[in-house]
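Novice: Before anything else, here's the structure in question.
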Amino acid sequence: MLAYIVKRLLIMIVMLLLVATMIFLMFRTMPGDPTASMVDPSIPREARQALLERYGLHESLWTQYRIFMRDLVQLDFGNSYFYNRTVLRVIGDRLPATLILMLTAMLFAYTFGILWGAWMAWNRGSRLESVGVTFSLIFRSAPTFWVGLMAIMLFSVTLGWFPAQGMRTTGYVGDSFAEVFLNRDFVRHLILPAFVAGLYFLATPLLIMRNSMLEVMSEDYIEMARAKGLRDRSVLYKHAARNALLPVVTAGALFIGAAIGGQVLIEVVFSWPGLGREIVQAVTRSDYPLAQGIFIIISALVMFMNLVADILYAFLDPRIAYR
Amino acid sequence: MLEVQNLSIEYTTEDGVLKAVDDVSFNLQRGESLGIVGESGCGKTTVAKALLRLLPENGAISGGRVLFHGENLVGKSPDHMRRIRHSKIALVSQSAMNSLNPVYTVGHQIREGILAHSNIGRHAAHARCVEVFGMVGLEEKRLSSYPHQLSGGMKQRAIIAMALSLEPDIIVADEPTTALDVVVQGRILQRIRAIQRQISTSMIFITHDISVVSEICERIIVMYGGKIMEQADSASFFRAPYHPYSLGLQNAFPSITDITGEELVSIPGTPPNLMQEQPGCRFQERCPFATSQCRSRTPPLVKVKSNHHAACWYTDQVNDFRTRARNRDTWEAVRTRIEQQETPQQ
Amino acid sequence: MKIRSRRSVNRQSLFYIFWSNLKRDRLALFGVILLLCFIFIGVFAESLAPHGPRERHYDAEGSIRRLEQPSWQYPFGTTDVGRDIFSQVILGTRTALTVGFLAAVLVTLVGSVVGIIAGYFGGWIDTVLMRIVDFFYAIPFIPFVIVLSAILQPSMWNIILAVSLLSWRTVARIVRSQVLSIAQRPYIKAARVAGAGHVRIMARYILPNVIPLVLLEMAFMVNWAIMAEASVAFLGFGDPRVTSWGQILHINFVSGYSRLAWWWTAPPGLAIVLLLLSIFFVARSLEAVVDPRLRKR
Ligand SMILES: Nc1ncnc2c1ncn2[C@@H]1O[C@H](COP(=O)(O)OP(=O)(O)O)[C@@H](O)[C@H]1O
Ligand SMILES: [Mg+2]
């Protein structure tokens, strides 16, 4: 198991270096001033020259690439022009907000999706099932950002139940992690975006769970479980759902990449100070080092969550041999 | 102990209603082992599932009673049935290969069945698992194996162990050895017989292979097209079957004891379409001795000897039938007849 | 997924099954009708839209019609600078359909070719291609499209390109596993033994068997591309010269009126929902063609 994880981590690092290479080439080959990706075009000439040398931007592409990679493995993503701080620090500030929102939404979506999907399959043919399927199709077809806008209009503006944007009421400053995240004000801010993101994530586990349940329920071991005189609930959750879960985890791993996209949109709509909103702003402000850095970190996040999903899968399915 | 009376079962399908089991009656004494034989599709599994009320959603018992210790199981509440399953009537299902859940250990699955019906605690349950594993000849350490780590024969034995675990009154074994190779099959059959004698539970043993029944069962039921064709003590049956279908079946399977190696003759034709309402005997289409009477009127199950019943109009001519049935040409004639009937329509 | 084990699936019969399925499945019928409506609107958008997308409207006194609620004249009301939202939504239909279909065709083309080659040849070719697929799975979609459209000029074509660059992997994976199972069938082996060339086997024997699946994936890809385009445009990286649903919502959002002017926010989103739903229903019915087991459910 350990060997497997180590191997996967190594593959992940190679992949990340490839992603970094790709993004390096993308910025270097872009039309216009390629140095803009490393050095703020608006600073004075001498300073600019010094920086160009610092990053080797007057050198060949190959040298530049070596410098870029050398810095990267030391986690040096350069400086953000806009914040005038290292990219790593900006990312460090933004990452917790993104993670909390995303994990809350996923927890919500996967818990409900799996339970509801299993229930729908168990009661197939019922009215509630077709209502459920139709609803999840509608939510899958609705753009997240639009659902977010509508939710703000309804729940924040019209009903006034939840704040419409941000992570905390303006004026509030917290220092420690606990002060920032573990208070009622924060939770009040979290509910609406997490709910909207959760709705977006929900359709995938729900529909896959339902289909996979339908498949599993015709398996012989389900009949055997019933022949053993187990209670319906036991058969449903312990046998059918437990096995139907496997494709949900597989699909979940593939879905994570798309989920990050949804996360970006939600963060923008709710002005949630996370990585997703930051990358949009960085690109808009031509703050390329920051955009580059966030892109690489988000890729790492996707890969890491993929790895977690794979480990989870191996954990859930004893037939998987670690290789 | 178990009395099945006039049981009929129907499946509702897209194309109409299919009468899979029609007016089947039999009973089973304590400690007795009963074999149900017939070609695939004749309704054996359907009967087995109906006893446990485990029919698929589109299947329903349309008539008859299943009396278990005098109580009619048809119409009992789902919870009542749940308590009877496994603890009183245990199933060894047709596809043992896939009857174990791949994500739990075998031991877990047996224990689960025990704990669903008694509150003896995990330790006692585990001890019981070890015990039944011993009975079927599996090592204790196999309890912590996952199904994919076991061979087909081991899985089958684990399933049998599971069925034994609560000492049920009846074990219903639906083609328990069909998926296994012949050598393993023979070994498991012997094991089943030994255990059944040892703990004196009753057993319903379902198979399409008539020679297996001669090995294990005291009584035999031959089914065809959802109906009972013949019902008898094994000894009496194998000495002298009465129904032409039984005669045909005997030709089609080599007996395990008799290895003289006579050539096998299978019964020409295919089982009847159960969608259509059929007048007359179900077997008449493939029967070498069918007459117009067979085509128009359904023969009742009549007593031909003590403990021996057959559903045929011509049980009195059985001696003649037996001689003719041994002749390959008799069955070839049926084949020609069927082919002739089919061609003009196409 | 299994497809019918016939040697080659003849297109006419596919269409026939789809058609007879429509008669039974009312949602699919609804989907087809709705989709046809959208296509009609998309094709004749210019004639159907009563006004230009940027045209400003003034009332009798000459002052601008700011944020007017829906009326007979302006069915979806007006924007903060007096533009007709109805016309914008009509014109956005064309953009959505164009992006959706072009990207889907591109994606399925590339994906199927890669999938067939990987599945058919196997060995190191398969390994290499599948590693590339893995790599593209590791790239977060929306951030990539944002960065790419920022680097390139924001235009509809670049968005189509960006979407296609990352999405072919999905199709490649699915087609590959289908091909893997088809390649085991006896007639393929027979064809190989008979000395048929690789290209010929792929084109004559394998392709016809994956076409239903590819069509199905294409339907999903249309949706995916439409959603992606809308998202990118909503974030403000869309083609500024082309009216699209995402762009309407972008302007709505940055103007700050997304909290008040429901008639401005709701229609483009509803249009997306309806279009995607209609394609989903059509796809679901296609799915029944691809996978006969589903027909009974
Ligand atoms: N779920 C079902 N739906 C419709 N028909 C069924 C179903 N299960 C079995 N049948 C039909 O009922 C008949 C008896 O089947 P079965 O009891 O499985 O036979 P056996 O076990 O003797 O092979 C067959 O004709 C079969 O096609
Ligand atoms: Mg059977």
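Top to bottom, those sequences are chains F, X and B.
Here the first sequence is numbered in my numbering, starting from 425 and rising by one per residue.
Here the second sequence is numbered in my numbering, starting from 433 and rising by one per residue.
Here the third sequence is numbered in my numbering, starting from 1050 and rising by one per residue.
Even for Gly, the Cβ is constructed at its ideal location relative to N, Cα and C.
All values reported here derive from a predicted model rather than from experimental measurement.
(1) Return the chain-ordered list of same chain residues with a C-beta closer than 7 Å to the C-beta of arginine 636/F, the five sequence neighbours on each side being excluded.
(2) Only counting the same chain, and skipping five residues up and downstream in sequence, which positions put a Cβ closer than 6 Å to that of glycine 467/X?
(3) Please confirm whether valine 620/F has its beta-carbon closer than 8 Å to some beta-carbon of chain C.
(4) Three-state secondary structure (DSSP) at alanine 474/F?
(5) Would you mind sorting aspartate 601/X into buried or exposed? The rule is 16 or more other CB atoms within 10 Å of its CB.
(6) Could you give the DSSP three-state label for histidine 741/X: helix, strand or coil?
(7) Please report how far the alpha carbon of leucine 1326/B lies from the alpha carbon of valine 704/F, in whole angstroms.
(8) If you scan the segment 546–625 of chain F from start to end, which runs of the beta strand (DSSP E) of 3 or more residues do you find wholly inside it?
(9) Out of Phe753/X, Glu764/X, Ser494/X and Ile624/X, point me to the one whose CA is closest to valine 564/X's CA.
(10) At 4 residues or longer, what runs of the alpha helix (DSSP H) sit wholly inside the segment 1284–1346 of chain B?
(11) Give me every residue whose Cβ sits closer than 6 Å to any heavy atom of ligand 1, in chain order.
(12) Please determine, among Gly1164/B, Tyr1169/B and Pro1192/B, the residue with the shortest C-alpha to C-alpha distance to isoleucine 1181/B.
(13) Does tryptophan 543/F come within less than 8 Å of chain B when only Cβ atoms are used?
(14) In the structure shown, what three-state DSSP assignment does leucine 638/F receive?
(15) Tell me which residue opens and which closes the beta strand (DSSP E) that alanine 651/F is part of.
(16) Within 10 angstroms of its Cβ, does lysine 1072/B collect 16 or more other Cβ (buried), or is it exposed?
(17) Considering only the alpha carbon of each residue, which of Ala1337/B, Leu1335/B and Leu1324/B lies closest to cysteine 1086/B?
(18) With a cut-off of 8 Å, do at least 3 Cβ pairs link the segment 1241–1254 of chain B to the segment 1295–1307 of chain B?
(19) Return no unless some Cβ of chain F is closer than 8 Å to the Cβ of alanine 548/X.
(20) Beta-carbon separation of leucine 654/F and alanine 528/X under 8 Å?
(21) Any chance the segment 560–576 of chain X sits against the segment 483–502 of chain X, with 3 or more Cβ pairs inside 8 Å?
(22) Give me the DSSP bridge partner(s) of serine 504/F.
(23) Per DSSP, what kind of secondary structure is leucine 699/F in: helix, strand or coil?
(24) Determine the chain F residues that contact arginine 517/X at a beta-carbon separation under 9 Å, and present them in chain order.
(25) From alanine 1332/B to leucine 1265/B, what distance separates their C-alpha atoms?
(26) So, under 8 Å CB-CB, proline 1317/B and glycine 1141/B are touching, yes? Tell me the CB distance rounded to an integer number of Å.
(27) Roughly how many whole angstroms lie between the Cα atoms of glycine 1149/B and phenylalanine 451/F?
(28) Rank Leu1155/B, Gly1101/B and Ile1166/B by C-alpha distance to the C-alpha of valine 1248/B and give the top, closest one.
(29) Count the other CB atoms within 10 Å of the CB of arginine 1346/B; is the residue buried (16 or more) or exposed (fewer)?
(30) Output yes if chain B places a C-beta closer than 8 Å to the C-beta of alanine 521/F; else output no.
(31) Assuming valine 620/F contacts alanine 575/F (C-beta within less than 8 Å), just tell me the rounded distance between them.
(32) Less than 8 Å between the beta carbons of alanine 1145/B and isoleucine 1297/B, yes or no?
(33) Is the beta carbon of glutamate 647/F within less than 7 Å of some heavy atom of ligand 2?
(34) Can aspartate 606/X be considered in contact with ligand 2, in the sense that its beta carbon sits closer than 7 Å to one or more heavy atoms?
(35) Consider the C-beta atom of glutamine 663/X and the heavy atoms of ligand 2; say whether any pair is separated by less than 7 Å.
(36) Apply the 10 Å Cβ neighbour rule to alanine 1252/B and answer buried if 16 or more other Cβ atoms are within range, or exposed otherwise.
Specialist: Looking at the atomic coordinates:
(1) Before going further, note that residue 636/F is serine rather than arginine in the sequence given. If you ignore the 5 residues before and after serine 636/F, its C-beta comes within less than 7 Å of the C-beta of Ala668, Pro671 and Val672, all in its own chain and listed in chain order.
(2) Correct list, in chain order: Phe637, Val645, Cys649 and Ile652.
(3) Absent from the structure: chain C. Protein chains present are F, X and B.
(4) Looking at alanine 474/F - three-state DSSP - the assignment turns out to be helix.
(5) Only buried fits aspartate 601/X, as 16 or more other CB atoms lie within 10 angstroms of its CB.
(6) DSSP, reduced to helix, strand and coil, places histidine 741/X within a strand of the structure shown.
(7) Their Cα atoms are separated by approximately 28 Å.
(8) Those beta strand (DSSP E) runs which fall completely within the segment 546–625 of chain F and span 3+ residues do not exist here.
(9) Closest option to valine 564/X, Cα to Cα, is Ile624/X.
(10) With a minimum length of 4 residues, the continuous alpha helix (DSSP H) runs that stay inside the segment 1284–1346 of chain B are 1294–1303 and 1311–1339.
(11) Cβ atoms closer than 6 Å to ligand 1 belong to Tyr443/X, Thr445/X, Leu450/X, Ala452/X, Gly470/X, Ser472/X, Gly473/X, Cys474/X, Gly475/X, Lys476/X, Thr477/X, Thr478/X, Pro488/X, Asn490/X, Gly491/X and Leu706/X.
(12) Of the listed residues, the one whose Cα sits closest to isoleucine 1181/B is Gly1164/B.
(13) No, its Cβ sits nowhere closer than 8 Å to a Cβ of chain B.
(14) Looking at leucine 638/F - three-state DSSP - the assignment turns out to be helix.
(15) No beta strand (DSSP E) holds alanine 651/F; the alpha helix (DSSP H) holding it covers 644–651.
(16) Only exposed fits lysine 1072/B, as fewer than 16 other CB atoms lie within 10 angstroms of its CB.
(17) The residue with the shortest Cα to Cα distance from cysteine 1086/B is Leu1324/B.
(18) A contact is defined here as three or more CB-CB pairs under 8 Å, and the segment 1241–1254 of chain B fails this definition with respect to the segment 1295–1307 of chain B.
(19) Interface criterion met: the Cβ of alanine 548/X is under 8 Å from a Cβ in chain F.
(20) For leucine 654/F and alanine 528/X, no; Cβs fall outside 8 Å.
(21) The segment 560–576 of chain X is not in contact with the segment 483–502 of chain X.
(22) Beta bridge pairing from DSSP links serine 504/F with Arg509/F.
(23) Helix.
(24) Those within 9 Å of arginine 517/X in chain F are Arg650, Ala651, Lys652, Gly653 and Leu654.
(25) Rounded to the nearest angstrom, the two C-alpha atoms are 6 Å apart.
(26) About 6 Å; that satisfies the 8 Å criterion.
(27) If I take the Cα positions, the gap works out to 27 Å.
(28) Taking only the C-alpha atoms, the option nearest valine 1248/B is Ile1166/B.
(29) For arginine 1346/B, the predicted model reports a pLDDT of 36, less than 50, meaning its position is unreliable and no value from the coordinates is stated.
(30) Alanine 521/F does not count as touching chain B.
(31) About 5 Å separates the two Cβ atoms, so the contact holds.
(32) The Cβ atoms of alanine 1145/B and isoleucine 1297/B do not sit closer than 8 Å to each other.
(33) Between ligand 2 and glutamate 647/F, a heavy atom-to-CB distance of less than 7 Å is absent.
(34) It does: the Cβ of aspartate 606/X is within 7 Å (strictly closer) of some heavy atom of ligand 2.
(35) No, the Cβ of glutamine 663/X stays beyond 7 Å of every heavy atom of ligand 2.
(36) Looking at its Cβ environment, which holds fewer than 16 other Cβ atoms inside 10 Å, alanine 1252/B is exposed.
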